[in-house]
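Enquirer: Chains as they are written, first to last, in the working numbering: chain Z, 45 to 305; chain U, 45 to 305; chain B, 45 to 305.
All C-beta atoms in this analysis are idealised placements derived from N, C-alpha and C, irrespective of residue type, glycine included.
Before anything else, here's the structure in question.
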Amino acid sequence: VSIVTLTTDFGTRDGYVAQMKGILLSRGPADLRIVDLSHAIPPQSVRDAAYFLRHAVPRFPPDTIHVVVVDPGVGSARRPVVVRSHGQLLVGPDNGVFGWLLKGDEEAFVLDADPLGLPEPSATFHGRDLFAPSAATFATGIPPERLGLAPVEEPLHRLKWPVALVESRRVRGEVVHVDRFGNLISNITEPAVSGLQGEVHVRIGHGESVTLHDTYSAVRVGEPLALYGSEGLLEVAVREGDAAKRLDARVGDDVEVTCRG
Amino acid sequence: VSIVTLTTDFGTRDGYVAQMKGILLSRGPADLRIVDLSHAIPPQSVRDAAYFLRHAVPRFPPDTIHVVVVDPGVGSARRPVVVRSHGQLLVGPDNGVFGWLLKGDEEAFVLDADPLGLPEPSATFHGRDLFAPSAATFATGIPPERLGLAPVEEPLHRLKWPVALVESRRVRGEVVHVDRFGNLISNITEPAVSGLQGEVHVRIGHGESVTLHDTYSAVRVGEPLALYGSEGLLEVAVREGDAAKRLDARVGDDVEVTCRG
Amino acid sequence: VSIVTLTTDFGTRDGYVAQMKGILLSRGPADLRIVDLSHAIPPQSVRDAAYFLRHAVPRFPPDTIHVVVVDPGVGSARRPVVVRSHGQLLVGPDNGVFGWLLKGDEEAFVLDADPLGLPEPSATFHGRDLFAPSAATFATGIPPERLGLAPVEEPLHRLKWPVALVESRRVRGEVVHVDRFGNLISNITEPAVSGLQGEVHVRIGHGESVTLHDTYSAVRVGEPLALYGSEGLLEVAVREGDAAKRLDARVGDDVEVTCRG
Chain Z
45 VSIVTLTTDF
55 GTRDGYVAQM
65 KGILLSRGPA
75 DLRIVDLSHA
85 IPPQSVRDAA
95 YFLRHAVPRF
105 PPDTIHVVVV
115 DPGVGSARRP
125 VVVRSHGQLL
135 VGPDNGVFGW
145 LLKGDEEAFV
155 LDADPLGLPE
165 PSATFHGRDL
175 FAPSAATFAT
185 GIPPERLGLA
195 PVEEPLHRLK
205 WPVALVESRR
215 VRGEVVHVDR
225 FGNLISNITE
235 PAVSGLQGEV
245 HVRIGHGESV
255 TLHDTYSAVR
265 VGEPLALYGS
275 EGLLEVAVRE
285 GDAAKRLDAR
295 VGDDVEVTCR
305 G
Chain U
45 VSIVTLTTDF
55 GTRDGYVAQM
65 KGILLSRGPA
75 DLRIVDLSHA
85 IPPQSVRDAA
95 YFLRHAVPRF
105 PPDTIHVVVV
115 DPGVGSARRP
125 VVVRSHGQLL
135 VGPDNGVFGW
145 LLKGDEEAFV
155 LDADPLGLPE
165 PSATFHGRDL
175 FAPSAATFAT
185 GIPPERLGLA
195 PVEEPLHRLK
205 WPVALVESRR
215 VRGEVVHVDR
225 FGNLISNITE
235 PAVSGLQGEV
245 HVRIGHGESV
255 TLHDTYSAVR
265 VGEPLALYGS
275 EGLLEVAVRE
285 GDAAKRLDAR
295 VGDDVEVTCR
305 G
Chain B
45 VSIVTLTTDF
55 GTRDGYVAQM
65 KGILLSRGPA
75 DLRIVDLSHA
85 IPPQSVRDAA
95 YFLRHAVPRF
105 PPDTIHVVVV
115 DPGVGSARRP
125 VVVRSHGQLL
135 VGPDNGVFGW
145 LLKGDEEAFV
155 LDADPLGLPE
165 PSATFHGRDL
175 FAPSAATFAT
185 GIPPERLGLA
195 PVEEPLHRLK
205 WPVALVESRR
215 VRGEVVHVDR
225 FGNLISNITE
235 PAVSGLQGEV
245 HVRIGHGESV
255 TLHDTYSAVR
265 VGEPLALYGS
275 EGLLEVAVRE
285 GDAAKRLDAR
295 VGDDVEVTCR
305 G
């Protein structure tokens with residue numbers, strides 16, 4: 045069984061995703077399974093796609109093929125690639141979307157219409173003309189190296205994860221993601237905070253200070269709190285509410301953890 | 045073949061649904077099929093999830109496994125459960141999301157990381173850490189009772205369906221759902237109205253009175269009407285228009301059916 | 045393996061799509077695969093559905109079954125049909141949604157509850173009561189002609205594609221679609237423009253004139269350009285921006301291509 049996942053910024057009002065699915069089913073093996081991850085990545089936001097994939101890809105089984113199309117530079121010099129990472133294949137533009145998954149020692153190949161037996165792709169839709177048919181070919185069990193694709197020579201586009209600054213009596217980081225519920229997720233991990241003594245307080249920008257708890261239910265409905273989220277990252281939330289609105293905060297805002305004790 | 049459906053309020057902009065799919069595919073059987081029901085349940089609206097499932101679950105084949113994650117109380121005392129209902133398995137929080145499917149005599153078990161062989165779940169994402177891996181295990185053919193899960197002792201969280209009031213010359217109910225098209229769906233059924241003589245009129249709140257018809261096409265485009273919807277519930281609609289906007293109506297508004305004859 | 049795709053204007057906040065999936069899985073063959081194409085067609089917009097399908101259906105493999113439910117006239121005289129087209133089956137209302145796929149010589153049958161062994165459908169939801177169970181039956185391998193369905197007698201509802209007007213020194217067309225990114229897609233094809241000499245300019249309505257290029261990257265970020273899109277249609281775009289907003293343009297606006305040379 046071959047699994048191909050799709051992550052795009054196409055939405056589903058237009059037919060772009062549907063066209064890719066048609067190509068995958070037409071060219072892939074009979075038992076191909078398509079799994080939608082997201083078509084709601086903010087338009088052309090490479091950074092949001094990279095954050096999304098950083099936490100999703102490691103959950104998937106070996107040999108999963110991930111097709112990612114968030115591609116503001118389609119038709120320009122950015123390379124179309126397939127990368128072997130986490131025992132899986134990543135197919136998409138080398139523009140940073142895979143930037144937080146890469147360690148620097150990945151096998152990677154440049155996708156090229158000719159060795160893949162494809163016509164020249166359109167200038168605007170490599171998702172349909174290059175990435176989907178490539179993934180369909182890999183899904184039949186033919187690995188990239190058998191297709192005569194050129195290995196990637198220049199380093200792949202990696203992204204630097206912002207590391208929080210740990211001081212003796214405080215930790216300074218930033219908001220790295222705001223989710224649908226308005227939770228403000230920071231780059232500060234539990235080990236970074238563990239050296240602080242006493243009651244821990246968290247402040248976003250110049251906003252009010254909130255207290256660290258284990259679960260949402262430690263505060264009343266509508267009250268803000270800080271807690272460690274599902275990826276082990278410190279986040280500021282409002283119980284059954286929207287912290288981003290309540291605290292007027294966004295990606296990139298400073299997060300400061302201090303202690304009183 | 046094992047079918048696992050997903051119903052959440054996560055949206056797909058964030059990676060939460062993708063992470064659950066990764067867990068299902070990593071831990072489930074090779075022939076597992078994931079079916080998206082909805083990721084657009086209004087955030088943390090247990091009632092909307094319950095209404096959604098009331099009409100969807102009975103349509104599915106035996107042994108379908110439904111994973112539901114609308115979970116404002118994640119990390120608090122609400123129990124994570126698996127319930128056998130309609131010949132299918134319901135996996136999610138016991139917070140009312142299954143409340144309109146339950147009759148009170150269901151077999152149910154508390155989901156617990158230890159007997160399931162899972163690490164301690166995060167405080168904020170039981171969908172990924174408890175519900176998805178539990179469903180993956182059930183999908184391999186191991187029933188809940190074989191896993192050593194504790195039976196639920198206290199009654200499950202049921203919801204009371206609001207029953208319309210049938211009087212001699214009128215029926216009084218309320219709007220129980222407003223759908224995407226702005227149709228105002230009430231709790232009034234055809235049998236409840238059948239005792240009324242003469243031409244039937246329907247009024248939402250203090251709004252204009254509309255006439256009951258068999259199909260949208262009985263009125264002109266843009267005109268309001270009442271009709272029995274796909275679940276046999278009386279609804280007020282505007283042909284090719286939005287009744288909720290036109291009549292400024294919402295869930296909970298009074299619905300009154302009267303007759304002139 | 046049987047593939048059934050779904051294209052609707054239902055959204056996924058309501059349970060309509062979920063109910064259809066339940067019916068398909070309950071009545072279809074064990075190896076049925078459901079593929080979501082879109083549930084985000086603008087409500088009741090037959091034209092948007094037709095444009096969507098025009099470009100998506102030809103990408104799918106033979107014997108794919110496409111269920112389409114954009115059906116403002118549900119319950120009225122418009123016929124429910126199954127059409128054999130592009131070696132595939134189209135199931136839905138004969139209201140124009142298939143209008144840009146049809147050549148006029150298609151085999152087509154009227155869907156009728158009785159020969160399909162179905163109860164009388166509800167007046168408002170043929171997607172669940174007629175189209176989904178019909179598709180499930182076709183997916184088991186029983187072709188429409190074996191079910192005793194009546195052939196369609198009157199011609200199917202076709203749509204006329206607006207053809208651009210080619211003059212000696214200009215081409216005149218219109219905007220036929222605006223996509224999620226704000227790209228303004230016209231009905232003007234590359235061959236229509238090839239007769240013009242010199243530098244080609246494109247104007248939407250009375251807006252500014254933009255230049256034709258091969259790829260987005262030919263202009264700076266935020267700058268407008270014209271290029272041939274993924275279906276070979278001339279479109280006006282803004283690099284990493286939204287041309288519809290920038291140029292205040294919409295479907296139906298005039299597009300004029302001229303040359304200076």
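Looking at the unbroken beta strand (DSSP E) that takes in ALA152 (chain B), where does it start and where does it end?
Expert: The sequence position of residue 152 (chain B) within the third sequence is 108, counting from 1. Run containing ALA152 (chain B): 151-154, per the beta strand (DSSP E) assignment.
Enquirer: Quick one: give me the first and last residue of the alpha helix (DSSP H) that ASP92 (chain U) is part of.
Expert: Translated into the one-based positions of the second sequence, residue 92 (chain U) becomes position 48. Counting along the chain, the alpha helix (DSSP H) containing ASP92 (chain U) begins and ends at 90-100.
Enquirer: Going along the chain, which residues of the stretch 67-99 of chain U sit with their C-beta nearer than 8 Å to a C-beta in chain Z?
Expert: Listed in sequence order: ILE67, LEU69, SER70, ALA74, ASP75, ARG77, ILE78, ASP80, PRO87 and GLN88.
Enquirer: Among Z:SER230, Z:LYS65, Z:GLY72 and Z:ILE67, which residue has its Cα nearest to the Cα of LEU209 (chain Z)?
Expert: What you label residue 209 (chain Z) is simply residue 165 of the first sequence in a count that begins at 1. Closest by alpha carbon: Z:SER230.
Enquirer: For the candidate residues U:SER120, U:PRO177 and U:LEU256, whose alpha-carbon lies nearest to that of ILE109 (chain U)?
Expert: Counted from its first residue, the second sequence places residue 109 (chain U) at position 65. Among U:SER120, U:PRO177 and U:LEU256, the Cα nearest to that of ILE109 (chain U) is on U:PRO177.
Enquirer: What residues of chain U sit near VAL45 (chain Z), judged by a beta carbon separation below 8 Å?
Expert: Residue 45 (chain Z) sits at position 1 when you count from the first residue of the first sequence. Those within 8 Å of VAL45 (chain Z) in chain U are ALA74 and ASP75.
Enquirer: Please state the DSSP three-state secondary structure of VAL127 (chain B).
Expert: Counting from 1 along the third sequence, the entry for residue 127 (chain B) is found at position 83. VAL127 (chain B): strand per DSSP, three-state reduction.
Enquirer: How would you label THR184 (chain U), buried or exposed, when you count the other beta carbons within 10 angstroms and need 16 or more for buried?
Expert: As a first step, residue 184 (chain U) must be located in the second sequence, where it is residue number 140. THR184 (chain U) is exposed by the Cβ-count criterion.
Enquirer: Please name the residue in Z:ALA152, Z:VAL220, Z:VAL207 and Z:GLY66 whose C-alpha comes closest to that of LEU191 (chain Z).
Expert: The residue labelled residue 191 (chain Z) in the question sits at position 147 within the first sequence. The residue with the shortest Cα to Cα distance from LEU191 (chain Z) is Z:ALA152.
Enquirer: Listing by chain order, which chain U residues have their CB less than 7 Å from the CB of SER261 (chain Z)?
Expert: On the first sequence, residue 261 (chain Z) is found 217 positions in, with the first residue counted as 1. The answer, in chain order, is GLY117, GLY119 and SER120.
Enquirer: Taking any Cβ of chain A, which residues in the stretch 47-64 of chain U have a Cβ under 7 Å from it, in chain order?
Expert: Structure shown: chain A not included; protein chains present are Z, U and B.
Enquirer: I want to know whether the stretch 84-103 of chain Z touches the stretch 64-80 of chain U - three or more CB-CB distances under 8 Å.
Expert: At 8 Å Cβ cutoff, the stretches touch.
Enquirer: Find out if the Cβ-Cβ distance for the pair VAL111 (chain U), THR181 (chain U) is shorter than 9 Å.
Expert: Here residue 111 (chain U) refers to the residue found at position 67 of the second sequence. Here residue 181 (chain U) refers to the residue found at position 137 of the second sequence. Contact: no.
Enquirer: Between PHE182 (chain B) and chain Z, is the shortest Cβ-Cβ distance under 9 Å, so that the two count as touching?
Expert: Within the third sequence, residue 182 (chain B) is the residue found at index 138, counting from 1. False, the Cβ-Cβ gap to chain Z never drops below 9 Å.
Enquirer: For CYS158 (chain B), count neighbouring Cβ atoms within 10 angstroms of its own Cβ and tell me buried if that reaches 16, exposed if not.
Expert: The residue labelled residue 158 (chain B) in the question sits at position 114 within the third sequence. Residue 158 (chain B) is actually Asp in this sequence, not Cys. The residue is exposed, with fewer than 16 neighbouring Cβ atoms inside 10 Å.
Enquirer: With 9 Å set as the bound, which would you pick, yes or no: does the beta-carbon of THR233 (chain Z) sit closer than that to a beta-carbon of chain B?
Expert: Numbered from 1 along the first sequence, position 189 holds the residue referred to as residue 233 (chain Z). No, THR233 (chain Z) does not count as interfacial toward chain B.
Enquirer: Between the stretch 49-64 of chain B and the stretch 220-228 of chain U, are three or more C-beta pairs nearer than 8 Å?
Expert: These segments touch.
Enquirer: At a cut-off of 8 Å, is ASP297 (chain B) close to the ligand FMN when judged by its beta-carbon and the heavy atoms of the ligand?
Expert: Ligands are entirely absent from the displayed structure, and the ligand FMN is therefore not among its contents.
Enquirer: Which whole-angstrom value describes the C-beta separation of ASP258 (chain Z) and ALA121 (chain U), a residue pair presumed to lie in contact below a C-beta threshold of 8 Å?
Expert: For the purposes of this step, residue 258 (chain Z) is taken as residue 214 along the first sequence, with counting starting at 1. For the purposes of this step, residue 121 (chain U) is taken as residue 77 along the second sequence, with counting starting at 1. With 8 Å as the limit, ASP258 (chain Z) and ALA121 (chain U) do not qualify as a contact, their Cβ atoms being about 13 Å apart.
Enquirer: To which residues of the same chain is TYR95 (chain Z) closer than 8 Å at the C-beta, ignoring the five residues directly before and after it?
Expert: Residue 95 (chain Z) sits at position 51 when you count from the first residue of the first sequence. Only TRP144, VAL220 and HIS221 meet the Cβ criterion.
Enquirer: Measuring only the C-alpha atoms, how far is VAL118 (chain U) from TYR260 (chain Z)?
Expert: As a first step, residue 118 (chain U) must be located in the second sequence, where it is residue number 74. As a first step, residue 260 (chain Z) must be located in the first sequence, where it is residue number 216. For VAL118 (chain U) and TYR260 (chain Z), the distance between alpha carbons rounds to 7 Å.
Enquirer: So which residues of chain B does THR108 (chain Z) contact, with C-beta pairs closer than 9 Å?
Expert: Residue 108 (chain Z) sits at position 64 when you count from the first residue of the first sequence. Ordered by position in chain B, no residue passes the 9 Å Cβ test against THR108 (chain Z), which lies about 17 Å from the chain.
Enquirer: Could you tell me which of Z:HIS250, Z:ARG202, Z:LYS147 and Z:ARG123 sits nearest to GLY136 (chain Z), measuring between CA atoms?
Expert: As a first step, residue 136 (chain Z) is located in the first sequence; it is residue number 92 there, counting from the start. Closest by alpha carbon: Z:ARG123.
Enquirer: Hey, how far is the Cα of HIS83 (chain B) from the Cα of MET64 (chain Z)?
Expert: What you label residue 83 (chain B) is simply residue 39 of the third sequence in a count that begins at 1. What you label residue 64 (chain Z) is simply residue 20 of the first sequence in a count that begins at 1. Straight-line Cα distance between these residues: approximately 16 Å.
Enquirer: From GLN132 (chain B) to ASP107 (chain B), what distance separates their C-alpha atoms?
Expert: Working through the third sequence from its first residue, we reach residue 132 (chain B) at position 88. Working through the third sequence from its first residue, we reach residue 107 (chain B) at position 63. If you take the alpha carbons of GLN132 (chain B) and ASP107 (chain B), they lie about 5 Å apart.
Enquirer: Between which two residues does the alpha helix (DSSP H) containing ARG71 (chain U) stretch?
Expert: Position 27 of the second sequence, counted from the first residue, corresponds to residue 71 (chain U). Here the alpha helix (DSSP H) through ARG71 (chain U) covers 60-71.
Enquirer: Determine the DSSP secondary structure at ASP196 (chain B), reduced to helix, strand or coil.
Expert: As a first step, residue 196 (chain B) must be located in the third sequence, where it is residue number 152. Here residue 196 (chain B) is Val; the residue named in the question, Asp, does not match the sequence. Of the three classes helix, strand and coil, the one that applies to VAL196 (chain B) here is coil, per DSSP.
Enquirer: For the stretch 162-191 of chain U, which residues have a CB atom closer than 8 Å to at least one CB atom of chain Z, in sequence order?
Expert: Correct list: SER166, ALA167, THR168, PHE169, ARG172 and ASP173.
Enquirer: Got a sec, what are the start and stop residues for the beta strand (DSSP E) THR233 (chain Z) sits in?
Expert: Looking up residue 233 (chain Z) in the first sequence gives position 189. Where THR233 (chain Z) is concerned, the enclosing beta strand (DSSP E) stretches over 228-233.
Enquirer: Taking 8 Å as the limit between beta carbons, can you name the residues of its chain near ARG91 (chain Z), skipping five residues before and five after?
Expert: Taking the first residue of the first sequence as position 1, residue 91 (chain Z) is located at position 47. For ARG91 (chain Z), where only same-chain residues beyond five positions count, the Cβ hits under 8 Å are GLY140 and LEU203.
Enquirer: Please classify LEU333 (chain Z): does DSSP put it in a helix, a strand, or coil?
Expert: The displayed coordinates of chain Z run from 45 to 305. Any statement about residue 333 (chain Z) would go beyond what the structure contains.
Enquirer: Strictly by DSSP, which residues pair up with ASP115 (chain Z)?
Expert: Here residue 115 (chain Z) corresponds to residue number 71 of the first sequence, with the count starting at 1. BP columns for ASP115 (chain Z) are empty, so no partner.
Enquirer: Round the Cβ separation of GLY226 (chain U) and VAL299 (chain U) to the nearest angstrom and send it over; I've been treating them as touching at under 8 Å.
Expert: As a working note, residue 226 (chain U) is residue 182 in the second sequence. As a working note, residue 299 (chain U) is residue 255 in the second sequence. At roughly 15 Å, the Cβ-Cβ gap does not stay under 8 Å, so GLY226 (chain U) and VAL299 (chain U) are not in contact.
Enquirer: Could you pull the start and end residues of the alpha helix (DSSP H) that LEU145 (chain B) belongs to?
Expert: Counting from 1 along the third sequence, the entry for residue 145 (chain B) is found at position 101. Note, LEU145 (chain B): premise wrong, no alpha helix (DSSP H); not H, not E.
Enquirer: Got a sec: is the Cβ-Cβ distance from GLU211 (chain Z) to anything in chain U below 9 Å?
Expert: Within the first sequence, numbered from 1, the residue matching residue 211 (chain Z) stands at position 167. GLU211 (chain Z) does not count as touching chain U.
Enquirer: In three-state terms, what does DSSP make of LEU291 (chain Z)?
Expert: Locating residue 291 (chain Z) in the first sequence gives position 247, counting from the first residue. DSSP places LEU291 (chain Z) in helix when its eight states are reduced to three.
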